[in-house]
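In the numbering used here, the protein residues as written are 148 to 403. First comes the structure, then the notes that go with it.
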Ligand SMILES: [Zn+2]
């Protein structure tokens with residue numbers, strides 16, 4: 148009971164700080180508060196540390212290289228993460244944390260694997276965007292726009308592995324789950340994210356800038372039209388699939 152109360156206060160503090168730093172929108176901060184409180188209440192402090200091993204570097208990396216990202220994105224700052232984005236990245240892990248109360252080993256691994264996938268994907272995106280070389284599509288190996296889902300660079304791939312390891316190392320040091328299954332799950336989830344992002348995700352076209360993007364409105368302010376992909380498969384759905392993949396792979400490797 149004391150753990151729940153202290154956990155709720157700490158989760159509120161982190162969510163509020165992220166809100167004030169414009170890393171989270173108001174509904175995103177509320178979702179992060181709920182996720183954090185459930186994780187502390189069910190998994191304890193070590194699980195909370197695994198959550199932070201995903202969340203803190205991701206929030207910092209999003210702010211890294213702002214000038215270059217701004218020039219790629221136009222004049223706009225990156226939008227604060229919404230509740231849907233928080234749940235797409237943290238929802239599967241939160242359910243696993245609750246399920247771990249019943250069967251701990253596989254669901255603890257799934258919990259860490261889901262965050263490892265979210266972390267690997269975020270690191271790959273935020274660091275890979277800064278690569279000087281033009282990225283290629285993971286499916287066709289042809290050059291595509293920087294920052295689109297499914298674009299890969301050497302730098303981004305190294306960052307993806309580092310992002311998976313960051314969560315896996317914390318999870319194994321605190322005995323939440325073993326290192327290699329969690330790291331492998333994170334990499335598998337991020338790869339799935341890239342493949343689905345390249346192959347199925349809805350892709351929009353900005354007629355003014357003659358380039359592809361993933362939002363109904365381009366950074367330049369021009370409304371975009373659907374060009375290809377599946378309309379309902381947007382970024383959040385892809386992230387949800389990736390974290391689910393991370394959870395399943397980690398659990399499968401642990402019970403094997
Ligand atoms: Zn445009």
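Using N, Cα and C, we set each Cβ at its ideal position, and we do this for glycine too.
- In the DSSP assignment, the residues bridged to residue 283 are 290 and 299.
- Collapsing the DSSP output to three states places residue 372 in a strand.
- Annotation note: the stretch 302-347 contains the following uninterrupted alpha helix (DSSP H) runs of length 4 or greater, listed N- to C-terminal: 326-346.
- Residue 297 and residue 340 have their C-alpha atoms some 7 Å from each other.
- By the CB criterion at 8 Å, residue 303 and residue 275 fall inside the cutoff.
- Relative to residue 263, the option among 287, 380, 188 and 202 whose CA is nearest is 202.
- Residue 280 has its Cβ no nearer than 7 Å to any heavy atom of ligand 1.
- Apart from sequence neighbours up to five positions away, the residues of its chain that approach residue 176 with a beta-carbon distance below 8 Å are 162, 163, 165 and 166, ordered along the chain.
- Every residue whose beta carbon comes nearer than 7 Å to a heavy atom of ligand 1 appears here in chain order: 353, 355, 356, 358, 365, 366, 367 and 369.
- With respect to residue 369, residue 351 sits apart: the two C-beta atoms are not nearer than 8 Å.
- The three-state reading of DSSP puts residue 361 in coil, since its state is none of H, G, I, E or B.
- Residue 287 counts as exposed, since fewer than 16 other C-beta atoms from the protein chains shown sit within 10 angstroms of its C-beta.
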